[in-house]
Amino acid sequence: MLERKQRKDRTEVTFVLPADTPPGPVSVVGDFNGWNPGAHPLMPRKEEERAVTVALPKKTSHSFRYLAAGDYWFNDESADGREGLNSRLHI
0 MLERKQRKDR TEVTFVLPAD TPPGPVSVVG DFNGWNPGAH PLMPRKEEER AVTVALPKKT
60 SHSFRYLAAG DYWFNDESAD GREGLNSRLH I
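According to numbering that gives the first Met the number 0, the sequence shown holds residues 0 to 90 in order.
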């Protein structure tokens, strides 16, 4: 699930997943962080969720995916679209 909060000069996008699905650590990786798995790990947020917030410039588009333990890559079904294997996000 994606949550968006508009700011004056940027949009804060929060990437949200269930706390235990998939099990183990998960990071959001994309063109906004150089596809670096360690840049944005999801952390516990609410009782049954984990999340990470990324500030992105307005009027941009980005490709991203999630990377879980065991080299398991997956997409976000709530994304704005798909581009090849990746989810797309339009700010």
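No residue lacks a Cβ here, since even glycine has one placed at the ideal position from N, Cα and C.
- Linking Ala68 to Leu84 through their CA atoms gives a straight-line distance of about 19 Å.
- C-alpha of Trp34 to C-alpha of Arg9: approximately 20 Å in a straight line.
- Secondary structure of Asn85 (DSSP, three-state): strand.
- For His61, the enclosing beta strand (DSSP E) has its first and last residue at 60 to 67.
- Each residue's CA atom was taken as its position, placing Arg6 and Gly23 some 32 Å apart.
- Here the segment 48 to 65 makes contact with the segment 13 to 30; the two share three or more CB pairs at distances below 8 Å.
- Distance between Asn74 and Ser62, taken at the CA atoms: about 10 Å.
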